[in-house]
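Those protein sequence lines, which keep their order, are chains A and B. Here the first sequence is numbered in our numbering, starting from 1 and rising by one per residue. Here the second sequence is numbered in our numbering, starting from 200 and rising by one per residue. Everything on this sheet refers to the single structure shown next.
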Amino acid sequence: MRKVNRDLAHLSDEALVLLAARSEQHALGELYDRYGRTAYGLALRILRDEALAEDAVQEAFLGVWRTAARFVPERGKASTWILTLVHRRAVDIVRREQRRRTDTLDDTTEASGGSVDEEAWLRLQRERVQHALRQLPDQQREALELAYYGGFTQSELAERLGQPLGTIKSRMFAGLSRLRELLGDPGMEMAWSPGTSTS
Amino acid sequence: MEPRNLHELTAAYALDALDASDVEAYEAHLAQCEQCRADLAELNETASALAWAPDAPSPPARLRAAILDAAAAERSNVVPVPMRRRWLPAVAAVAAAAAVALAVWNVDLQGSQRSAIGAVLVVRGGHATLTVSGLSRAPKGKVYEAWVIPHGVSPRPAGLFDGKMVRLTTAVPPKAQVAVTLEHAGGARAPTSRVLVSAQA
């Protein structure tokens, strides 16, 4: 299974989604090999519970499987689509379970379990995004982190932070726009690097 | 709502931070507003970059298997190949809209041959082109032969080729299988070796 799967390694994410839409199970496996770990890390950050994080990731990837035929490459990258599905699922669960947390991002720690290449690549991505986040004004970063990792809605944030809703909206918009600029270096793609191996 | 506020809702939507009561209204607006769709595509990409910032421990190995098992249970993707010979089980089959079929097949070849094979079959008006990647060059005295196998019927020879691309000489009816075998130079009238690549129209 694993060996066969790696044979799809040369295909783009978007081609894999196309194949998943055609019921090619190995394509789904390859997408999981590329993004499953990041998906799990995100779900775990939001849910703080391993079993719930697994549920979120499983439901999100089954969402990929079910709706792959509706994926439109012109509207965005497959990785964005997949991680959006994971985030939405995790946020749905965290709201249902009343598990929201407000602590800020942990400092980078050494993750384990993957190949040296994979660890290095994931660490590079992690540090890049964390570095960009640190450059945001505090209030913008707070709004983004509480919304994205905490699962709070904008009106909940307004109440929690004692600010008008319009202020929260502005912080989210300004924060995300600024983050886009900070991450915008075209030399640093956020997609899967073909040279990275998970085997 | 003013345009500026809509922009700000786009950010909240990209962060999954809209209140439930706003989601429906925003999505209705999105369907009408090209600008917001373009903005959302950008902000979605940025928001999803945040997914990379947390520590990412490896999920348990069972998660991968659970996902693939559940996916397989939802959509069976193994197409039976009605042949007398002992064909390799289909790893995957693809049935697309009538005009275009596309398949990627992975089979393990015997001996030292590579195991990676991808095949793309494009069918237009019954005429088909098969493109294969990953097949090594045919050994001396041998040639790859394509076959069209209409449902429930014996394979029909569809052309000899070098293992890369072939315009099929036999029309591909709907639901037919297309297969590739390795044959003696000059080809055969019926397949004499196992299927290396198979795709379904």
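Glycine included, each C-beta is placed from N, C-alpha and C at the ideal position.
Residue i, DSSP secondary structure in three states
i, result
"E382 (chain B)", "strand"
"T330 (chain B)", "strand"
"G358 (chain B)", "strand"
"Y149 (chain A)", "coil"
"V222 (chain B)", "helix"
"A210 (chain B)", "helix"
"A272 (chain B)", "helix"
"A246 (chain B)", "helix"
"K341 (chain B)", "strand"
"V394 (chain B)", "coil"
"Q163 (chain A)", "coil"
"P352 (chain B)", "First, the amino acid is wrong: residue 352 (chain B) is Val here, not Pro. Correct three-state label for V352 (chain B): coil."
"R75 (chain A)", "helix"
Buried versus exposed, by CB contacts within 10 Å (16 or more), residue i
i, result
"K363 (chain B)", "exposed"
"D13 (chain A)", "buried"
"S220 (chain B)", "exposed"
"G114 (chain A)", "buried"
"V352 (chain B)", "exposed"
"E233 (chain B)", "exposed"
"S397 (chain B)", "buried"
"A143 (chain A)", "buried"
"V347 (chain B)", "buried"
"V129 (chain A)", "buried"
"Q231 (chain B)", "exposed"
Nearest-angstrom beta carbon gap, residue j and residue i [assumed within contact, 8 Å]
i, j, result
"A78 (chain A)", "V17 (chain A)", "5 Å"
"P390 (chain B)", "P354 (chain B)", "6 Å"
"L28 (chain A)", "F61 (chain A)", "7 Å"
"Y148 (chain A)", "A211 (chain B)", "Not quite, the Cβ-Cβ distance comes to about 11 Å (not below 8 Å), so this is no contact."
"L417 (chain B)", "Y225 (chain B)", "No information on residue 417 (chain B) is available, as it lies outside the stretch 200 to 400 that chain B covers here."
"D268 (chain B)", "T153 (chain A)", "No, D268 (chain B) and T153 (chain A) are not in contact; Cβ-Cβ is about 35 Å, not under 8 Å."
Nonlocal neighbours in the same chain, by C-beta distance under 7 Å from residue i, ignoring five residues either side
i, result
"G200 (chain A)", "The displayed coordinates of chain A run from 1 to 199. Any statement about residue 200 (chain A) would go beyond what the structure contains."
"Q139 (chain A)", "R171"
"Y40 (chain A)", "A53, V57"
"A68 (chain A)", "V17, A20, A21"
"P73 (chain A)", "E14"
"S155 (chain A)", "L165"
Own chain partners of residue i with C-beta closer than 6 Å, once the 5 adjacent residues on each side are dropped
i, result
"A384 (chain B)", "G340, V342"
"V94 (chain A)", "I46, L47, R100, G151"
Open item on the list: What are the residues in the segment 221-251 of chain B lying within 7 Å of chain A by C-beta distance?
Closed with: A240, E241, L242, N243, E244, T245, A246, S247, A248, L249, A250, W251
Task: Contact list for the segment 18-35 of chain A against chain B, Cβ threshold 7 Å - done: L19, R22, S23, E24, Q25, H26, L28, G29, Y32
TODO: Compile a chain-ordered list of the residues in the segment 250-267 of chain B whose CB is closer than 8 Å to at least one CB of chain A.
DONE: A250, W251, A252, P253, D254, A255, P256, S257, P258, P259, L262, R263, A265, I266, L267
Open item on the list: Which residues of the segment 53-79 of chain A have a Cβ closer than 8 Å to any Cβ of chain B? Give them in chain order.
Closed with: A53, E54, V57, Q58, F61, L62, W65, R66, R75, G76, K77, S79
Open item on the list: If the cut-off is 8 Å on Cβ atoms, which residues from the segment 346-363 of chain B count as contacting chain A, listed in chain order?
Closed with: none
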